[in-house]
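Have a look at the structure below before the remarks.
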Amino acid sequence: MSIDLNGLKLKNPIMIGAGPWARDGMSIQKCIDAGASAVTTETISLEAHKALCPHMYSQEDNVLNIKMFSDLHLERWEKEIESIDRKDCKIIISIWGSSASEVSYLASKAERMGADAIELSLASPIGARNRMIVDKSSIVSEFAQAAVRAVSIPVFVKLSYEAGNTTALTDSIYEAGVKVVSAIDGLRGMMDIDVENQTAKMPTYGGYTGANIRPISLATTASLKQNTAFQICSVGGITNYEHVLGYIMLGAQATQLASVIQLEGYPAIERILNDLDDWMSSHCHNDYSEIRGVALSTLSAFEDIGPQPFKAILSETCLEDCNICEQCCLYFAIGRNNKNELTISEQLCTGCGLCAGRCPQNKIEIGWSQKI
Amino acid sequence: MNIKEIAKEAGVSVATISRVMNHPEQVLPETCARVLAVMKKHNYIPNLFARGLNLGETKTIALLVPNIESAIYQMVISGIETVALSKEHSVLLCNTRCDALTERGYIEMVVSRQVDGIILVASLLEEKHTEVLIEKDIPCVHIGKKVLKGCHDRCYINYADDANKMTSYLVSHGYETIDLLLEEKKNEVQEQIGKGYKAAISEALGYVHGNIHFAENSVQGGYIQCEKLIEEKLLPRALLTSNDYQALGVMKAAQVHEIKVPEELAIASMTDSQICPIVQPPLTCMDIPAKRLGMLAARMLFDIIEDKNISPHIPQEVILQSTLKIRRSCGNTKNIYELFE
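Written as structure tokens, this is what we have:
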């Protein structure tokens with residue numbers, strides 16, 4: 380069941396992404412003890428950065444954060460890394476530098492500290508300097524090359540959504556010698572505006588993570604898998620084993636948990652791992668390679684999909700008065716007969732599918748028109 | 445209590461005490477424990493200088509700074525001290541006063557004191573003056589672009605790049621005359637700033653003109669220079685200063701002479717400080733990662749010290765990037781630029 384990530388042997392596909400849940404030896408140990416196959420440290424730079432208060436904002440199951448880097452100095456990190464009982468877990472040190480030579484220095488420092496791999500943080504959603512980097516593929520490739528040349532361990536690159544979907548950029552990283560990417564980083568986001576006081580609730584842009592970014596990350600995994608030769612560590616809104624399997628079925632080599640630890644704590648790691656093992660054995664799979672990328676064949680380019688004459692069909696008589704389907708139908712196809720039963724006009728229905736998705740009781744299906 | 449007395453009480457020779465401290469693996473564990481217990485009882489602290497004579501290590505590094513009054517160098521010093529402390533080393537601080545002779549004197553002094561390593565900042569020394577570093581095999585890092593004998597490890601800010609970026613930013617506002625105010629004491633940093641400024645001006649293909657002036661590195665220096673330009677009716681549309689003290693002096697002179705900033709005079713500085721964002725209008729500055737630079741230099745030095753007996757050292761050259769902090773003193777009115785570059 381082990382996974383090969385550019386030569387790194389992982390015991391399972393559950394890695395921990397870079398973030399404050401892996402901010403020192405003790406928190407990394409919690410990830411290891413919960414069974415993670417690899418832990419990525421919070422991003423380390425040459426200078427410790429004091430965090431703002433507050434720096435995390437929660438909105439439903441999503442989190443906005445404005446913490447970019449670790450608040451520990453390198454010397455302290457040396458001791459923290461030393462204090463870890465690694466067991467069979469890999470330690471990936473995430474680094475950020477402002478120039479190629481700075482990246483090169485940090486990478487070799489991280490290797491000396493005992494990292495099994497390095498993750499290069501290029502495009503943070505917070506702050507504008509990093510946005511510029513994404514615009515310039517030449518700089519990105521220079522940074523990646525500097526890291527690759529400085530060390531003999533694997534170098535991963537963490538991609539933002541924009542970077543992951545910019546072919547010129549991903550190509551240049553690959554040419555620089557990087558074989559693994561993590562995608563995606565948080566999106567640049569902002570909290571609501573306090574309308575009464577006419578002020579922003581957050582003092583600056585933040586990194587938006589959580590359930591809402593999963594669809595975006597899924598699409599990025601699919602496109603990276605099809606357009607590049609990278610091994611992909613998918614990250615974004617994973618809260619259960621099905622999400623992990625989804626990414627793998629789109630071609631991910633492994634996945635990284637992140638915001639779920641913020642929302643549920645470290646036990647989430649063990650829960651997802653156990654559920655994943657159960658699913659694999661109940662489906663008689665011995666290796667993740669048996670399911671990796673299997674769902675890709677069910678995807679087509681939009682231009683290649685022809686319209687089919689599907690309609691919304693009621694699977695049983697419905698007398699509910701929730702009216703959700705009626706309200707959401709933009710084609711005025713849903714109404715009621717004199718017995719107050721729900722009716723769908725085949726003539727007006729376009730088979731858009733929205734009512735089927737919205738029905739809380741799953742009473743509506745999309746299927747072949749009855750007349751054909 | 446000295447080493448002889450400790451030896452007597454523990455019932456061992458002075459040489460054994462020395463071995464316990466420096467090569468404990470060569471001493472029987474029982475003996476080691478007995479000696480350490482006696483040391484602890486009497487709160488014995490080894491004389492580091494004496495230890496240095498014996499082991500060639502003094503747990504001290506020397507730092508030669510051109511001007512300890514400069515705010516930027518103070519951040520550099522703070523960064524170095526932070527790393528040195530965590531490596532249990534003390535820092536010997538030497539102020540070379542932007543003077544090559546003083547710097548040479550200091551080099552000789554710190555070499556004779558057997559420091560474990562040296563950090564030079566914007567050194568004015570010439571190649572031959574640092575030969576002693578090779579002779580005595582003392583690790584050295586230069587915070588500056590210049591390669592010196594025995595000092596191949598360098599880290600620095602690309603000031604020419606920064607000045608070019610800042611001048612180009614001023615050019616982008618359409619200012620036709622952009623002057624530069626440098627420090628009167630010549631050094632590597634001032635040279636680099638001048639170079640980057642000139643490159644950006646000549647890139648503007650004759651549309652933009654500018655002169656270079658010199659003043660003391662102080663608020664007063666900037667004030668006097670600005671007043672002089674006003675009285676001679678030579679005031680440019682935009683003035684870039686080599687540091688924020690000068691910029692604040694220029695601002696004060698403009699205020700006294702009722703010249704509106706930025707409507708009549710745009711001001712920008714090549715260094716940032718805590719004062720820059722709170723003056724009116726907030727000053728547009730280059731934010732130099734000075735503390736990070738100091739920390740990096742110290743780390744590079746300890747890398748050499750710690751690896752000295754392990755592997756041949758490969759010299760490093762690391763360049764750090766500054767950030768342009770666009771505030772209001774050059775005509776910008778957007779908040780987003782004030783928050784982010």
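Quick mapping for you: the protein sequence lines, in order, are chains A and B. In terms of the numbering used here, the first sequence has 436 at position 57, counting the first letter as 1, and numbering is strictly consecutive. In terms of the numbering used here, the second sequence has 784 at position 340, counting the first letter as 1, and numbering is strictly consecutive. Quick reminder that beta carbons are idealized off the backbone N, C-alpha and C, glycines included.
Taking the alpha carbon of residue i as the point to measure from, which residue in the options has its own alpha carbon closest?
i: B/H653; options: B/H486, B/I749 and B/A682; result: B/A682
i: B/C476; options: B/Y488, B/R548, B/A454 and B/K485; result: B/A454
i: B/M610; options: B/K769, B/V479, B/R541 and B/H701; result: B/K769
i: B/V471; options: B/A481, B/E647 and B/T460; result: B/T460
i: A/A712; options: A/S724, A/I407, A/C701 and A/N702; result: A/S724
i: B/H701; options: B/L545, B/D716, B/K672 and B/H617; result: B/K672
i: A/E498; options: A/E521, A/E459, A/I423 and A/R491; result: A/I423
i: B/T504; options: B/I562, B/R548, B/V520 and B/A515; result: B/I562
i: B/L737; options: B/Y517, B/M445, B/S457 and B/E449; result: B/Y517
i: B/Y613; options: B/K590, B/T574 and B/Y641; result: B/Y641
i: A/F689; options: A/K469, A/I743 and A/E669; result: A/I743
i: A/D550; options: A/S561, A/G746, A/N441 and A/S517; result: A/S517
i: A/S676; options: A/F609, A/Q706 and A/L629; result: A/L629
i: B/T767; options: B/P733, B/C774 and B/I758; result: B/P733
i: A/K488; options: B/K778, B/D751, B/R772 and B/C774; result: B/D751
i: B/A775; options: B/E708, B/D623 and B/S457; result: Note that residue 775 of chain B is Gly in the sequence shown here, rather than Ala. Closest option to B/G775, Cα to Cα, is B/E708.
i: A/S694; options: A/Y667, A/N741, A/Q706 and A/Q577; result: A/N741
i: B/G618; options: B/L569, B/T685, B/R557 and B/A710; result: B/A710
i: B/G523; options: B/K735, B/Q760, B/Q558 and B/Y651; result: B/K735
i: A/A547; options: A/G568, A/I572, A/S520 and A/G565; result: A/S520
i: A/M570; options: A/Y584, A/N385, A/L636 and A/S561; result: A/Y584
i: A/E699; options: A/S462, A/G714 and A/I670; result: A/G714
i: A/A608; options: A/P582, A/E554 and A/E643; result: A/E554
i: A/E621; options: A/I670, A/W400 and A/G736; result: A/I670
i: A/A330; options: A/G736, A/T634 and A/A525; result: With chain A covering 380 to 751 only, the question about residue 330 of chain A has no answer from this structure.
Pull up the CB-CB distance for residue i and residue j, whole angstroms please, since I reckon it's below 8 angstroms.
i: B/P583; j: B/L745; result: 6 angstroms
i: A/T357; j: A/Y626; result: In the structure as shown, chain A begins at 380 and stops at 751. Residue 357 of chain A is therefore absent and cannot be evaluated.
i: A/E697; j: A/C734; result: As written in the sequence, residue 697 of chain A is Cys, which differs from the Glu given in the question. Their Cβ separation, rounded to whole angstroms, is 11 angstroms, which puts A/C697 and A/C734 out of contact at 8 angstroms.
i: A/C738; j: A/I703; result: 7 angstroms
i: A/S561; j: A/V442; result: About 18 angstroms separates the two Cβ atoms, so there is no contact after all.
i: A/I460; j: A/I471; result: Wrong, their Cβ atoms sit about 11 angstroms apart, outside the cutoff.
Determine the burial state of residue i: buried for a count of at least 16 other Cβ atoms within 10 Å of its Cβ, exposed for fewer.
i: A/P594; result: exposed
i: A/W475; result: buried
i: B/Y689; result: buried
i: A/K446; result: buried
i: A/C663; result: exposed
i: B/N487; result: exposed
i: A/K580; result: exposed
i: A/W747; result: exposed
i: B/Q669; result: buried
i: A/A680; result: exposed
i: A/N509; result: Here A/N509 scores only 48 on pLDDT, less than 50, and its place in the model should not be relied on; the value that follows carries that caveat. Under this definition A/N509 is a buried residue.
i: A/V574; result: exposed
i: B/I587; result: buried
i: A/S478; result: buried
i: B/E449; result: exposed
Is the distance from the Cβ of residue i to the Cβ of residue j below 9 angstroms?
i: B/I551; j: B/V576; result: yes
i: A/D654; j: A/N619; result: yes
i: B/K531; j: B/A742; result: yes
i: A/L501; j: A/K537; result: yes
i: B/I418; j: B/L626; result: This structure cannot speak to residue 418 of chain B, because chain B is shown only from 445 to 785.
i: A/E490; j: A/A542; result: no
i: B/A712; j: B/L692; result: no
i: B/K629; j: B/N655; result: no
i: A/G672; j: A/K604; result: yes
i: A/N591; j: A/D440; result: yes
i: B/Q634; j: B/S717; result: no
i: A/T419; j: A/I395; result: yes
i: B/V509; j: B/V565; result: yes
i: B/V762; j: B/C595; result: no
i: B/I560; j: B/I749; result: For the sequence presented, residue 560 of chain B should be read as Asp rather than Ile. Yes, they are a contact pair.
i: A/P533; j: A/L389; result: no
Could you run through the segment 718 to 738 of chain B and flag, in chain order, every residue whose CB is less than 9 angstroms away from some CB of chain A?
P733, K735, R736 and L737
Pull out every residue of the segment 456 to 488 of chain A whose Cβ sits closer than 7 angstroms to any Cβ of chain B, in chain order.
S477, S478, S480, E481 and Y484
Of all the residues that make up the segment 750 to 766 of chain B, which are near chain A by a beta-carbon distance shorter than 7 angstroms?
Q760, E761, V762, I763, L764 and Q765
According to a CB-to-CB cut-off of less than 8 angstroms, which residues of the segment 442 to 453 of chain A neighbour chain B?
H452 and L453
Name the residues in the segment 412 to 432 of chain A whose C-beta lies less than 7 angstroms from a C-beta of chain B; which are they?
L425 and E426
Identify each residue in the segment 529 to 540 of chain B for which the Cβ-Cβ distance to at least one residue of chain A is less than 8 angstroms, and report them in chain order.
S530 and K531
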